[in-house]
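Protein sequences, first through last, are from chains A and B. With the numbering used here applied, the first sequence corresponds to residues 192 to 373, in that order. With the numbering used here applied, the second sequence corresponds to residues 12 to 453, in that order. This report refers to the structure that appears directly beneath it.
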Amino acid sequence: MIKLFSLKQQKKDGESSPKANNQKKASAAQLRITKDINELNLPKTCNTEFPDPDDLLTFKLIICPDEGFYRTGRFVFSFKVGPNYPHEPPKVKCETQVYHPNIDQQGNVCLNILREDWKPVLTINSIVYGLQYLFLEPNPEDPLNKEAAEVLTTNRRLFEQNVQKAMRGGYVGGTYFDRCLK
Amino acid sequence: MSENQEVSQNRWGHLRKVLERPGPFSHPEFEPSSDILDFIMSTCKVLVIGAGGLGCELIKDLALMGFKQLHVIDMDIIELSNLNRQFLFRHKDIGLSKAEVAAAFINKKVKGCQVTPHYCKIQDYDETFYKQFHIVVCGLDSIVARRWINGMLISLLNYEDNALDQTSIIPMIDGGTEGFKGHARVILPGISACIDCTLDLYPPQVTYPLCTIANTPRLPEHCIEYVKIIQWPKENPWGIAIDGDDPQHITWIYEKSLERALQFNITGVTYRLVQGVVKNIIPAVASTNAVIAAVCATEVFKLATSCCVPLNNYLVFNDVDGIYTYTFESEKKDNCLACSLIPQNLPVEDPSKMKLKDLIELFCESTSYQMKSPGLTTYINGKNKTLYISTIKSIEERTRENLTKSLIELGLQNGSEILVTDLTSPNTLTVRLKFVNNHIET
Ligand SMILES: [Zn+2]
């Protein structure tokens, strides 16, 4: 058990003038994301793109599924890691327009670990695998794009055709999709 | 003078009973003495972070316990809604700095007390400021701020040959409340569990599944979240991000949420609820703040005086249904990225000759490291810098040129710390460069 202060122990007088940005140490969020990035173990269908190598908090993930409805497509996700990582999950948006039951036109992604089931023990790698899984097994039970979910449940062939149509670029229903074949 | 002494004897009589004689709960090394009271009153410097609900209680408690060298830091200004529990503030103070008003109030009311206010963010000060304190006590509602001060106090630790220099430890007492629940904990940086060791213990923000919000809303909160997450970015009425303090924004969200609630037959959307959900407000309860602050202030007193063994190390409190408290020892994590990275000194003969690839070679070939493909980052002038990461293609391509640069050319200095991660170890290694020929130091 330690006894902290010997009496009369005077601390060094501090200077009270604000001096911003003079820290010697990276923040805890920075340390954690650095570790996550170094330990990224991407499946062969995934790739990352860092626009600024010094900024590990902002990057893109590119998924090119090699099986399932979405094979031959190329889908870009943006990741923004905040100062409260890993207490809070990174903000992830799908930048590619995609006909998918769990992704809407604004790029919102319905993946439990991105919101309600996020835990600090999870890593960037967990999210990558979660996103990849969404393309292998789109989940009509938790839809963001209700029409797509309905087609998937009632007519898998039509769903597959719609996915193809959207990936080639064109209208599905009333919505226009940009081409995203790799 | 003698009269003053007498007044002082009476005024601090209760403290003297604890400090001038031993008791069954005394710290094993406690030596009762009248000097201890002197230490509290004239030497011991305590920093209170936050002058809100907990902060007001803390400053008052500490001032009345005899601490005279108090500092308080808070970046916020006083709002009308604070006044029901932040009792150092009055209606006329609305719009003024919390730290400044709180300090002035205590200095006026508590004779001899000198509270120094700091109306700014904790991040505005560097280590020269934080070094001056004996103890830091936090009444914060932000985890980011907690983690920042936690990291700061850890960075002040001194290690000599891997042994922690105990005089460099500044204990941190962390209090927190959420409605009828609260916690208090004692952190001895480098010795006991830190904020990042136990990040899981802080409750996550309330979130709802996106698909529920989008398709099967049942609660008024679901409707508000829908407008906030989906409708706002889509329609973007003012072309900017939501500002929770802008009544126009709140009104817009309120109206749209009402429409959506009507559509799904949901009742309970009110303007106040919209404000609460958008700003993530958890209602504050004055009595919980008072209890938690009292526990924290007692711990400050125990640490400053050694009169009692401190809390070991985490107390939870809940008065939703009767009163429940529980104390447990949260464990320090061996691989905590905040408190387990003890810098290892690395002597460098000639930093203008040593290239980054030589350093990496050292990590791979030296028997004490034996790494496979280490990733190296550092922190220069308040900015993260990636020196080399081989495992990410886009980073490798753009940091490859660093390999042939010397440490000096990379901007590294004597004392610079390099973070090294490698798949051979779950831990991150911190290496502190020691330039052997010190005259090269820039
Ligand atoms: Zn820790």
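No residue lacks a Cβ here, since even glycine has one placed at the ideal position from N, Cα and C. Computed from a predicted structure; not experimentally measured.
Item                                                                                                                                                                             : Value
May I have the straight-line CA-CA distance separating THR223/B from LYS445/B, to the nearest angstrom?                                                                          : 56 Å
Is GLU10/B helix, strand or coil by DSSP?                                                                                                                                        : Because residue 10/B is not part of the residues shown, which for chain B are 12 to 453, the question remains open.
What does the Cβ neighbour count give for ARG101/B, buried or exposed, with the cut at 16 atoms within 10 Å?                                                                     : exposed
Would you grab the beta carbon distance between LEU81/B and CYS124/B for me? Rounded to a whole angstrom, and I think it's under 8 Å.                                            : 7 Å
For ALA113/B and chain A, any beta-carbon pair shorter than 8 Å?                                                                                                                 : no
Judging by CA-CA distance, which residue of GLN296/A, HIS291/A, GLN297/A and LEU325/A is the nearest neighbour of ASN303/A?                                                      : LEU325/A
Give me, in chain order, the residues of the same chain whose beta-carbon lies closer than 6 Å to that of SER401/B; leave out the 5 immediate sequence neighbours on both sides. : SER384 and GLU407
Would you identify the three-state DSSP class for MET86/B, choosing helix, strand or coil?                                                                                       : coil
Is it right to say PRO234/A is buried, meaning 16 or more other beta carbons lie within 10 angstroms of its own, or is it exposed?                                               : exposed
Of the residues that make up the segment 372–395 of chain B, which ones have a beta carbon closer than 8 Å to any beta carbon in chain A?                                        : GLY386, THR388, TYR390, ASN392, GLY393, LYS394 and ASN395
Between the segment 219–239 of chain A and chain B, which residues of the former have CB atoms less than 8 Å from a CB of the latter, in chain order?                            : ALA219, ALA220, GLN221, LEU222, ARG223, THR225, LYS226, ILE228, ASN229, GLU230, LEU231, ASN238 and THR239
Are at least three pairs of beta-carbons, each pair with one atom in the segment 243–250 of chain A and one in the segment 214–224 of chain A, less than 8 Å apart?              : yes
Please state whether DSSP places PRO128/B in a helix, a strand or coil.                                                                                                          : strand
Are there any heavy atoms of ligand 1 lying less than 7 Å away from the beta-carbon of ALA349/B, as far as the coordinates show?                                                 : yes
Taking just the CA atoms, how far does SER269/A sit from ARG283/B?                                                                                                               : 33 Å
In or out: ARG348/A buried (at least 16 other Cβ within 10 Å) or exposed?                                                                                                        : exposed
Could you tell me whether any Cβ in chain A is nearer than 8 Å to the Cβ of PRO244/B?                                                                                            : yes
Within 10 Å of its beta-carbon, does GLN323/A have 16 or more other beta-carbons around it, so buried, or fewer, so exposed?                                                     : buried
Strictly below 7 Å CB to CB, what residues from chain A border ILE403/B?                                                                                                         : ILE228, LEU231, THR239 and PHE241
Using a Cβ-Cβ cut-off of 6 Å (strictly less than) and excluding sequence neighbours within five positions of SER454/B, which residues of its own chain qualify?                  : Lying before the first or after the last residue shown, residue 454/B is absent from chain B, which here runs from 12 to 453.
With a threshold of 8 Å between beta-carbons, can GLU328/A be considered close to chain B, or not?                                                                               : no
Taking all protein chains shown into account, decide if HIS291/A is buried (16 or more other Cβ within 10 angstroms of its Cβ) or exposed.                                       : buried
Just the C-alpha distance for LYS366/B and LYS416/B, rounded to the nearest angstrom, thanks.                                                                                    : 5 Å
I want to verify the contact list: residues of chain B whose CB lies under 8 Å from the CB of ASP369/A, in sequence order.                                                       : Ordered by position in chain B, no residue passes the 8 Å Cβ test against ASP369/A, which lies about 18 Å from the chain.
Give a yes or no on whether 8 Å exceeds the smallest Cβ distance from THR309/B to chain A.                                                                                       : no
Please list, in chain order, the chain B residues whose beta carbon lies closer than 7 Å to that of ASN353/A.                                                                    : None at all; the shortest Cβ gap to chain B is about 19 Å.
Starting from the N-terminal side, write out each stretch of the alpha helix (DSSP H) that is 4 residues or longer and does not extend beyond the segment 263–351 of chain B.    : 282–290 and 297–316
Alpha carbons only, please: which of ILE89/B, VAL359/B, ASN438/B and TYR337/B is nearest the one belonging to CYS347/B?                                                          : ASN438/B
Could you please give the first and the last residue of the uninterrupted beta strand (DSSP E) stretch that includes LYS395/B?                                                   : Note that residue 395/B is Asn in the sequence shown here, rather than Lys. From DSSP, the beta strand (DSSP E) with ASN395/B extends over 394–399.
At a Cβ threshold of 8 Å, is THR439/B touching chain A?                                                                                                                          : yes
For VAL312/A, which option in PRO354/B, CYS208/B and ASN329/B has the closest C-alpha, if you only look at C-alpha atoms?                                                        : CYS208/B
Determine the direct distance from the alpha carbon of VAL302/B to that of LYS210/A, and round the result to whole angstroms.                                                    : Reliability fails at LYS210/A, whose pLDDT of 41 lies under 50, so the model's placement of it is uncertain and no value is given.
Threshold first: 4 residues or longer. Then list the alpha helix (DSSP H) segments lying entirely within the segment 175–243 of chain B, N to C.                                 : 221–226 and 231–237
Give me the chain A residues within the contact set of GLN216/B, using Cβ-Cβ distance strictly less than 8 Å, ordered along the chain.                                           : GLU279
Closer than 8 Å by C-beta to PHE144/B: which residues in its own chain qualify, once you throw out the five before and the five after it? Chain order, please.                   : LYS56, VAL57, LEU58, HIS82 and ILE181
Does the beta carbon of PRO334/A come closer than 8 Å to any beta carbon on chain B?                                                                                             : yes
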